[in-house]
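Engineer: Here the sequence shown stands for residues 111 to 550, where the numbers follow the numbering used here.
Pasting a structure here, questions to come.
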Amino acid sequence: MVSHYGATLRLGLPIAVGQLGVIIMGFADTMMVGRYSTEALAAASFANSVLNLCTFMLMGYSYGLTPLVSAYYGAGRAARAGGVLRRGLVCNVLFALLLVACLAWVYGFLPHMGQPVSLLPLIRPYLLCLALSLPFVAAFNALRQFTDGLTHTATAMWALLGSNALNVVGNYLLIYGPGPLPELGLTGAGVSTLLSRMVMAAALGAVVLRSRRYAPYRRGYRAASCHLAALRRMHAQSWPIGMQMGMESGAFTFTGIMAGWIGAVDLAAFQVMVTVGTLGFLFYYSFGAGVSIRVAAFMGSQSWQQVHQATRAGVVILLGMACVSSLTFVLGGRWLIGLFTTDAAVLGLCLSLIPPLVLYQLGDAMQICFANALRGTAHVQSMMWIAFVSYVVVNLPMAYVLAFPLGMGSMGLFLAFSAGLFTAALLFARQYYRVVRRLA
111 MVSHYGATLR LGLPIAVGQL GVIIMGFADT MMVGRYSTEA LAAASFANSV
161 LNLCTFMLMG YSYGLTPLVS AYYGAGRAAR AGGVLRRGLV CNVLFALLLV
211 ACLAWVYGFL PHMGQPVSLL PLIRPYLLCL ALSLPFVAAF NALRQFTDGL
261 THTATAMWAL LGSNALNVVG NYLLIYGPGP LPELGLTGAG VSTLLSRMVM
311 AAALGAVVLR SRRYAPYRRG YRAASCHLAA LRRMHAQSWP IGMQMGMESG
361 AFTFTGIMAG WIGAVDLAAF QVMVTVGTLG FLFYYSFGAG VSIRVAAFMG
411 SQSWQQVHQA TRAGVVILLG MACVSSLTFV LGGRWLIGLF TTDAAVLGLC
461 LSLIPPLVLY QLGDAMQICF ANALRGTAHV QSMMWIAFVS YVVVNLPMAY
511 VLAFPLGMGS MGLFLAFSAG LFTAALLFAR QYYRVVRRLA
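Shown next, in the form of C-alpha cells:
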C-alpha cells in the first residue's frame, strides 16, 4: 500500500509543479492588473469568468485521452496510444473552434449581460485575445494528456513553466509599457497570454514529434485514421468529461456574473478570491490526475486490488492537501489578498470571504479525487448528470437565493460553492464504487 502513495506522489508532483506555474501566472496577471487599476481588475474578473468556463471545458474534454492512453501503455500497445493522440488532437482543436464561435456570440451580447457599462471598453479587447488563444490551449492539452498518460508527467511541466515565465515578462512589458513600449493596460495582459500559449503548444508539440523517446508512438500516430466513426468514438469518450468540468466551471462563471450585479467592488473581490482559491484547486487536480493515470493503468491489466489501493492512496493524499490549503488560507490569507489589491474596500470584502473559501476545500478535494478515479475507469457517461445535479440544480440556485433574496451578497455566493462541491463529492464517490464493483 505504501508504494501506491509514492507512485501517486511521483506522478502528481511534476503536474503540481506545472500547475504551480499556472497559479503563478494567474497570480501575476491578477497582481499586475489589480495594481494597474481597480477597473481593470473588475473587467479581468468578468472576462476570466467567461473564459474559465471554456478553458475548463477544454481541459475536461482533453481528459478523455488519459484513460485510453494509460490503458494502452499498461498493456504495452504503443502504436494504439499514438493513434489516440492523433484523433485526440483533431477532436480537441475542433472543439476549441466551436467554443471560439460561441465566444463570438458572447462578444456581441456583452452590453446585455448586466455588467458596468464603464468596463465594456476594457473587457472587449481582453476577451478577444483570450478567445484567440483557445485552439493553442486545446492542442497543448491533448499533447499533455498523452505524455501524462504515459507517466511522463515532467514533459508538459517544463513547457508550462517556460510559457508562464514568458507570460510574466510579457505582462510587465505590455501592461505598463516601460521605455518606448506602449502602455496597453489590460489589453497588454491579453496579448501576453495569447503569445505565451502559442509558444507553450509549439514547444510541447516539438518534443513529442521529434524526441526519440516518442518514436514508437509516432509510428502509430502516422498510421492512425481520422475517419468520422473514429472521431465520433473519441468525442463520446471526451464529451462527458468536458461537460462535467464545464458545468463545474460554469458555476464559478455565472456566480462571477452575479457578483457583477452587486457592483464593481464585489466583482473585483470575486476575482481575487477565486484566484487565491486556485492555490488549492490546481494542486488537487494535479494529484487527482495521478489517481486517474494509476487507476486506468491497473484497469488495463485488470488488477482490481491495485485499483482499490490506488484510489485509497489518492483519498488520503487529497485529504491532506485540503487541510494544508485550508490552513494556508487561514494563516496567510491577508498576505495573499494583499498581493492583488491595495483598494481598502476590495481588501475588506476579501478578508470576510476567507471562512467560506476554507469551508469548501474538503468538498472540492474529494469531488476531484473521485471524479478522476471514475475517469480512470473510462466509464464517464454519468459524469454529466452528476455535474448537472451538483452545479446547475444545487449550486447556482442557492447562490442566487443566498445573495439576493436573503441579502447575503458575496458571502452567499461563496457559501453556495460548498453545497455544490460536497454534493458532487458524494455522487462521484457513489458512482465510482458502483462501476468498480460491477467491472470486478
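Just so it is clear, CB atoms sit at the ideal spot from N, CA and C, and this is done for glycine as well.
Because the structure is a prediction, the values reported are computed rather than measured.
Under a three-way DSSP split, which group does E293 fall into?
Structural biologist: coil
Engineer: Excluding five sequence neighbours on each side, which residues of the same chain lie with their C-beta closer than 6 Å to the C-beta of A488?
Structural biologist: P177
Engineer: Going along the chain, which unbroken runs of the alpha helix (DSSP H) with 4 or more residues stay wholly within the segment 320 to 393?
Structural biologist: 325 to 333, 338 to 372
Engineer: Smallest Cα separation from D474: which of C201, G530, N281?
Structural biologist: G530
Engineer: In its own chain, which residues sit with a C-beta less than 8 Å from the C-beta of L238, not counting the 5 before and 5 after it?
Structural biologist: Y217, G300
Engineer: Put A535 into one of helix, strand or coil per three-state DSSP.
Structural biologist: Here A535 sits in helix by DSSP.
Engineer: Do A535 and Q354 have their C-beta atoms within less than 8 Å of each other?
Structural biologist: no
Engineer: Alpha carbon to alpha carbon, what distance is there between C164 and Y146?
Structural biologist: Cα to Cα, the separation comes out at about 26 Å.
Engineer: Under the three-state reduction of DSSP, which class applies to P226: helix, strand or coil?
Structural biologist: Secondary structure of P226 (DSSP, three-state): coil.
Engineer: Where L459 and C433 are concerned, what is the direct C-alpha to C-alpha distance, given to the nearest angstrom?
Structural biologist: 24 Å
Engineer: Can you find the residues in the same chain that come closer than 8 Å, C-beta to C-beta, to A150, ignoring five residues on each side of it along the sequence?
Structural biologist: V143, G144, L232, G295, L296
Engineer: Regarding A339 and the ligand COA, is the C-beta to nearest heavy atom distance less than 7 Å?
Structural biologist: No copy of the ligand COA appears in this structure; indeed no ligand is present at all.
Engineer: With the cut-off set at 8 Å, would you say V203 and A248 are in Cβ contact?
Structural biologist: Yes, the Cβ-Cβ distance between V203 and A248 is below 8 Å.
Engineer: Quick one: is V613 buried, meaning 16 or more other Cβ sit within 10 Å of its Cβ, or exposed?
Structural biologist: As shown, the chain starts at 111 and ends at 550. That puts residue 613 outside it, with no answer to give.
Engineer: Which residue from M508, S520, Q347 puts its Cα closest to that of G170?
Structural biologist: Among M508, S520, Q347, the Cα nearest to that of G170 is on Q347.
Engineer: Just to check my reading of the structure: F250 and M310 have Cβ atoms closer than 8 Å, yes? What is that Cβ distance to the nearest angstrom?
Structural biologist: 5 Å
Engineer: Taking the continuous alpha helix (DSSP H) assigned at H418, which residues delimit it?
Structural biologist: 414 to 448
Engineer: Rounded to whole angstroms, what's the CA-CA distance from V405 to V499? Just pull it up for me.
Structural biologist: If you draw a straight line from the Cα of V405 to the Cα of V499, it is about 25 Å long.
Engineer: From V417 to S321, what does the alpha carbon distance come to, in whole angstroms?
Structural biologist: 32 Å
Engineer: In the DSSP assignment, find the unbroken alpha helix (DSSP H) run with Q477 in it and report its ends.
Structural biologist: 471 to 486
Engineer: Flag this pair as yes or no: are the beta carbons of L209 and M141 separated by less than 8 Å?
Structural biologist: no
Engineer: Determine the extent of the alpha helix (DSSP H) in which D258 is found, giving its start and end residues.
Structural biologist: Element bounds for D258: 244 to 259.
Engineer: Nearest to V317 by CA position, among T363, L253, P292, is which residue?
Structural biologist: With respect to the C-alpha of V317, the residue from T363, L253, P292 having the closest C-alpha is L253.
Engineer: Identify, in the order they occur along the chain, each residue of the same chain with its Cβ nearer than 6 Å to the Cβ of R196, setting aside the five sequence neighbours on each side.
Structural biologist: Y331, A334
Engineer: Taking only the alpha-carbon atoms, compute the straight-line gap between A152 and A483 and give it to the nearest angstrom.
Structural biologist: 36 Å
Engineer: For the alpha helix (DSSP H) that G170 lies in, which residues bound it at each end?
Structural biologist: 148 to 172
Engineer: To the nearest angstrom, report how far apart Y542 and A264 are at their CA atoms.
Structural biologist: 28 Å
Engineer: In the structure shown, what three-state DSSP assignment does T451 receive?
Structural biologist: coil
Engineer: Here's the rule: buried if 16 or more other CB atoms are within 10 angstroms of the residue's CB, otherwise exposed. What is Q225?
Structural biologist: buried
Engineer: Between the Cα of V279 and the Cα atoms of G522, G298, F527, P515, which residue gives the shortest distance?
Structural biologist: G298
Engineer: Excluding the 5 residues preceding and the 5 following Y501 in the sequence, name in chain order all residues of the same chain whose CB lies nearer than 8 Å to its CB.
Structural biologist: M357, E358, G360, A361, G530, A534
Engineer: Could you compute how far the alpha carbon of P292 sits from the alpha carbon of L449?
Structural biologist: Near 25 Å, if we compare the C-alpha coordinates of L449 and P292.
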